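Residue numbers (the working numbering), protein chains in the order written: chain A, 15 to 399; chain B, 15 to 399; chain C, 15 to 399; chain D, 15 to 399. All C-beta atoms, glycine included, are put in the ideal place defined by N, C-alpha and C. Remember, it's a predicted structure, so these values are computed and weren't measured experimentally.
There are 4 protein chains.
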Amino acid sequence: MDAAAPTGLWLIGARGSVATTAITGLLALRAGVVPATGCVSAQPHFDELRLPAWEDLVVGGHDIVSTPLAERAAQLSEAGVVPPRVLDAVRGRLDTVESELREGYHPATNSGSQTDAARRLADDITDFARRHGLARVVVLNVSSTEPAFPGLPEHGSLEALEAAMAVPGRTVLPPSSLAAYAALRAGCSYVDFTPSTGIRLPALEHLAARQSLPYAGSDGKTGETLVRSALAPLFASRALRVRSWAGTNLLGGGDGLTLADSEHAGSKLASKGRGLATLLGEDVVAPLHIDNVPDLGEQKMAWDNVSFEGFLGARMSLQFTWTGYDSALAAPLVLDLARFTSAAHAAGQTGPLGALGFYFKDPMGTDEHRLAEQAAELAGWAAKL
Amino acid sequence: MDAAAPTGLWLIGARGSVATTAITGLLALRAGVVPATGCVSAQPHFDELRLPAWEDLVVGGHDIVSTPLAERAAQLSEAGVVPPRVLDAVRGRLDTVESELREGYHPATNSGSQTDAARRLADDITDFARRHGLARVVVLNVSSTEPAFPGLPEHGSLEALEAAMAVPGRTVLPPSSLAAYAALRAGCSYVDFTPSTGIRLPALEHLAARQSLPYAGSDGKTGETLVRSALAPLFASRALRVRSWAGTNLLGGGDGLTLADSEHAGSKLASKGRGLATLLGEDVVAPLHIDNVPDLGEQKMAWDNVSFEGFLGARMSLQFTWTGYDSALAAPLVLDLARFTSAAHAAGQTGPLGALGFYFKDPMGTDEHRLAEQAAELAGWAAKL
Amino acid sequence: MDAAAPTGLWLIGARGSVATTAITGLLALRAGVVPATGCVSAQPHFDELRLPAWEDLVVGGHDIVSTPLAERAAQLSEAGVVPPRVLDAVRGRLDTVESELREGYHPATNSGSQTDAARRLADDITDFARRHGLARVVVLNVSSTEPAFPGLPEHGSLEALEAAMAVPGRTVLPPSSLAAYAALRAGCSYVDFTPSTGIRLPALEHLAARQSLPYAGSDGKTGETLVRSALAPLFASRALRVRSWAGTNLLGGGDGLTLADSEHAGSKLASKGRGLATLLGEDVVAPLHIDNVPDLGEQKMAWDNVSFEGFLGARMSLQFTWTGYDSALAAPLVLDLARFTSAAHAAGQTGPLGALGFYFKDPMGTDEHRLAEQAAELAGWAAKL
Amino acid sequence: MDAAAPTGLWLIGARGSVATTAITGLLALRAGVVPATGCVSAQPHFDELRLPAWEDLVVGGHDIVSTPLAERAAQLSEAGVVPPRVLDAVRGRLDTVESELREGYHPATNSGSQTDAARRLADDITDFARRHGLARVVVLNVSSTEPAFPGLPEHGSLEALEAAMAVPGRTVLPPSSLAAYAALRAGCSYVDFTPSTGIRLPALEHLAARQSLPYAGSDGKTGETLVRSALAPLFASRALRVRSWAGTNLLGGGDGLTLADSEHAGSKLASKGRGLATLLGEDVVAPLHIDNVPDLGEQKMAWDNVSFEGFLGARMSLQFTWTGYDSALAAPLVLDLARFTSAAHAAGQTGPLGALGFYFKDPMGTDEHRLAEQAAELAGWAAKL
């Protein structure tokens, strides 16, 4: 077992803003032109772990769009996410990654069965691993949030699922779940940074178990929920009674467009809501909105109002405003997750990696939503790897 | 050893807003007319501890003003801190506490030596304990923040201190420290909810050790610093680099008047600043103001702007606004501290109670400022009492 | 013509929070126990006008609920809107107003035709005027916002409307419009403080013209839109380009319940939106939400984020948070509108009173939405009365 | 009289951020690569005025530092104020302006009398006007805010002043006033965009009158005070009683460094305070701070809390946060002021131009601080030019 051998990071949605920032940033870290700000795994207390070094991470991926990475990186530079000097430093190397990107799966363009589609996806990953002599590959989903996909009886067992997938023209899995299936079939761990269905189907969890593979997710915690997971424990630990917690999210870019549309937002809003109730120990009134505000570009903004009650019923309040670049917040976590999941795989861990709950709005394998406790759990888990 | 025997709570500044709210609230809790919102020690996970029950706490105290408690409680009701129905429920019993209040020490009215003054203060407490058959008394300072008091060589040893105190007309200790001295001499534990000097002099710490007494402090964490201690770890745990953390505090009431005056604010601002540097692991630009805004009455408000840097140097920000009633935030903590300190005394603990750092801006006996870690430490410590 | 003769104020929704606060406040002003804070018409520069004095205003009204005014006033006192000492000062006089309240119209309980219902409503008002020897009566709608009512061909002409109203069991007008019809038939001016349809139907505007009556509305401007109408001109006058203006409203009380329901909110949101586009001179991205947050009680809160562009395309922003008591903001305006509309009626003005646009989110008779210009227009108009 | 003839704009502090942004922006406007966002004088309703066109403005100036303009522009581009494509478009032309810059006056490096120094400054301007055949020159101060300068008896009359100035080694005028003196002596109008003393001395105002020259100032209104001048009238016009108005300003760049220093901030804070009292019609508690937060770079941020009282004493509040680029806010106003002041000069106006109060925190020649009224006054005045 050698966690530090060349490791693959295969990105689903590899030309998206998060992926492009992660790729650009990884190249910049390798080139030594930026510090590892935002990369938790680069903090001193993880130094003794045998995590893959920046040099050891090889990136490839699937996407359904074909805009060249270099062009996406230039757009992100215009938008203020990638400084010009960083872009200059990595420009040439983006093409190397470009050559590792393959066409993703989209139901509208898939003429055959989902079995065939999954095989193609898995082959892309296997070829990638073989070409680069990779010890293992982490498949990580950073594609756009999908609309909610209906539950089907076939999701309950692997046999039923695979039978249904073999029927030409039938769409029994949403793209994120097909990607997870392909990853597992290719012997890869799977991480979902989105709230899409992904691996969260009994049949797929069963497959992961059978393949002895670890997985993690879901929905990267990078903004409003991140702050909530630091603040909500304050009220609980001080025996203050939260009466309502209202939130508004303003998103620009493609994310705003996708998520302000109610069908896609469904999974996102549900994922945000679950955490709050757990954090506070009870349900509170918690209206929540996601608005599309295109002029914000790559920025996102959240405003929350917490109304709470103290001693003798005194009414008090806390408001916060969070303004950040979504991709700059998410990208270093993508690199962290690649390193930690790879190390977990190398260490023989299987099933949901609850210790990575620190990174997610809707963590699998744990009910812990409190940020400080999650950070401690991550550190403790990593120390034992 | 019986932690649940009648226990005294002796308040320095017993007619102030915090003390009056604590007293009124304690009577209301005993009368069963309010829930214990804001009282950490009343949370289920402390149930197994033998903390003094609300019925077991007997309150007395010193103050240099003489406004009757009932009048102070009525003012706090006007100001929105004490609901009218609570005031109605406890009115009669306030007089019982009133009869336990004694005149406090003020250098301007003290004609003799500080030794004499300390003896009188200690006698007041001893009489109180004897009258009520108290197992022990916690002396707790909630008086107004003092101006900074100069360090003197006599503070370094108990012998030198006592020699200086005996000189008529000499003021070698500020009132808070004289109160701490008297408390220790009377065999009582001492808690400082203010940033005043109090027990924090080598001579007094030495006296506490000799008397085998526990003590705790200092400066109750009830607002801006409370939120900071929940939020700052977010940045540290996510490897985000805080560049500046600016804060503004608007205070009404007597607190605003005292603290906006730069001489008194000195110790408060220093106490707030120490914590932030520790929380972030490095010094950051952190301008901080306390303004007197009388129309806010018992309310206080804080606005903070955190400017931070993420992946690839992306500039982002967090702002928060906290609006609360200072006394409603502080009073339940005063009751908590009385219960926990009494239990620690009963359990034979001595010296600074670092596990109570959860309650303080500038905790003695610990360097931990992170709220979640402090909460965990408190729970662990209490479980072992 | 004597504008200062006894004048009636007939409130539709007379037991609601706004009406109860207006009534309680009027009685308190008469009793001299409060200053006229929030009453624009009581400012010195209106002194020379012959507006009805507080003593000259006689109040009656309709409501479909029957909770006694005194009970409603007590609830508002609990909620922090009416100070206890004000309640004490006016308690007896509330019963005098109570005796002037009559049962309002509700389609669900109306068995006959709308003609019959309107006659009953008009008779109530006429009796009220006769009993008190009133020179004139202002009918003012402060009832809950109605769901949108479909446009009908009959709304286009008075004849067609009255023919349809005569059909038993047919509901051709929503309650607010039936109230406006009854008011006009009783020879009264009509003011709509809500976004409901009210008088805004060609048939009713025609009736007002035929009766030579003035009217005003609609939708009282008391919070987010008030601030917007002061701030938006800043951007316009400085040639700054607003790119988006996002808003979130948190409402407690019955208002939150009514308006967070999308059907009722329709008219409210439309009314808020129209103004912003006019103020900025162009449509901007302006997502807007109204959330029901019951624990806020009578308070309401708005948060807006304005994203704008300056010289050389620099991106900048303004956020504001507004926290107020809805009824305390609205009630003095209700009194102002009664005084000004009565004076306009006395002066022989007819049709929409555009000069009262200062008070409304969606002003009739003017396109001016800028607050400063509206204030100047009001002052100029009043000076000429 | 030909307002549109070539006009000079002579900047004091010509290498500062505001000046550099104004110069860069003017060149970009001439090149047609940016719209005139933020330039009030470019709005359609000023089209009929014969203001100097962008092509007609010739720029020169004094500064005591020597960093080349092109380098300063590059720094401002790094800081996000000047977009890279704008910098590219004007780069060559910056050198043309560079050649028009001369060494400014600093008391520490002036060995002779202030009379000599003033003569040199005036000669620089006269040469500039002659070289370019300028009809007139507007001298405009955008240099760093000076420390308060003590009032001297010599400031009271021109004769006394000039006698004192002639004494070698004596510093009877601060640099801003010496610049104003030189401007007037050179027959130029003078505008002060800073809160420094500038022309505001009886002797200099007398000189302006004798020379029949107009002048304007002082202290450009670009942030917190701008918002206040739009919001404060809301409270006044609605008869709401402001109880306190607290403000915090966070500044980066050189401005933060200069102004957070209490000696320099004196004039700035005084200038901010005067306006608020005038706007509200009474003095209110209004604590105000300016903090130096270097990491903000060219950005500035203000947070204000307005606590106010409404009907029946209801306590309510408004908070706002303003985040902007100081230079991007100020630069277009500098160009406006050059155009309007030149037109006023051409039209034969003399003395303080109160109609330009729209641009200033502490306007000369008017007591009007309300933004909407100032905008109307500017438009009316300009229409009559």
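If we cut at 8 Å on Cβ distances, does residue i have a partner in chain B?
i                 : result
LEU264 of chain D : yes
CYS202 of chain A : no
ALA93 of chain D  : no
Please report whether the beta-carbon of residue i lies at a distance below 8 Å from any beta-carbon of chain D.
i                 : result
GLU391 of chain C : no
ALA17 of chain C  : Because the pLDDT at ALA17 of chain C is just 48, under 50, the model does not fix this residue reliably, and the point stays unresolved.
LEU254 of chain C : yes
ALA397 of chain B : no
ALA260 of chain B : yes
ARG242 of chain B : no
VAL100 of chain C : yes
GLY39 of chain C  : yes
Can you name the residues that DSSP bridges to residue i?
i                 : result
LEU154 of chain D : D:LEU25 and D:VAL205
HIS383 of chain C : DSSP lists no partner for HIS383 of chain C.
TRP259 of chain A : A:VAL320
GLU117 of chain D : D:ASP77
LYS314 of chain C : C:LEU265 and C:GLY338
TYR229 of chain C : C:TYR204 and C:PRO366
Determine the direct distance from the alpha carbon of residue j to that of residue i, and round the result to whole angstroms.
i                 : j                 : result
LEU349 of chain C : LYS398 of chain D : 41 Å
VAL100 of chain A : ALA42 of chain A  : 6 Å
PRO66 of chain B  : ASP381 of chain B : 28 Å
ALA300 of chain B : LEU310 of chain D : 13 Å
ALA180 of chain D : SER191 of chain D : 15 Å
TYR229 of chain C : LEU367 of chain C : 6 Å
LYS286 of chain A : LEU40 of chain B  : 38 Å
GLY338 of chain D : VAL307 of chain D : 14 Å
GLY289 of chain A : ASP376 of chain A : 7 Å
PRO346 of chain D : LEU90 of chain C  : 50 Å
ASP206 of chain B : HIS220 of chain B : 17 Å
Please confirm whether residue i has its beta-carbon closer than 8 Å to some beta-carbon of chain A.
i                : result
ALA84 of chain B : no
GLY22 of chain B : no
Taking 8 Å as the CB-CB cut-off, is residue i touching chain C?
i                 : result
ARG384 of chain D : yes
For the ligand FMN, any of its heavy atoms closer than 7 Å to the Cβ of residue i?
i                 : result
LEU227 of chain C : Ligands displayed in this structure: none; no statement on the ligand FMN is therefore possible.
Compile a chain-ordered list of the residues in the stretch 337-369 of chain B whose CB is closer than 7 Å to at least one CB of chain A.
THR337, GLY338, TYR339, ALA342, LEU343, ALA345 and PRO346
Does the count of Cβ pairs from the stretch 382-391 of chain A and the stretch 120-138 of chain B closer than 8 Å reach three?
no
Please confirm if the stretch 27-40 of chain A is in contact with the stretch 77-91 of chain A, defined as three or more CB-CB distances below 8 Å between the two stretches.
yes
For the stretch 129-139 of chain A against the stretch 53-72 of chain A, do three or more pairs of beta-carbon atoms, one drawn from each stretch, fall closer than 8 Å, so that the two count as touching?
no
In the stretch 304-334 of chain C, which residues sit with their C-beta less than 8 Å from some C-beta in chain D, listed in chain order?
GLU323, GLY324, PHE325, LEU326, GLY327, ALA328, MET330, SER331, LEU332, GLN333 and PHE334
Using a Cβ-Cβ cut-off of less than 9 Å, give me the residues of the stretch 49-72 of chain B that come near chain A, in sequence order.
PRO49, ALA50, THR51, GLY52, CYS53, VAL54, SER55, ALA56 and GLN57
At least 3 beta-carbon pairs within less than 8 Å: the stretch 90-97 of chain A vs the stretch 150-169 of chain A:
no
Check whether the stretch 313-321 of chain A and the stretch 222-239 of chain A are in contact - that is, three or more C-beta pairs closer than 8 Å.
yes
Using a Cβ-Cβ cutoff of 9 Å, what residues of the stretch 154-175 of chain C are near chain D? List them in chain order.
none
The stretch 322-333 of chain B touching the stretch 249-269 of chain B, judged by at least three CB pairs closer than 8 Å
yes
Beta carbons nearer than 9 Å to chain E: which residues of the stretch 186-217 of chain B have them?
Reference to chain E is not applicable here, since the protein chains of this structure are A, B, C and D.
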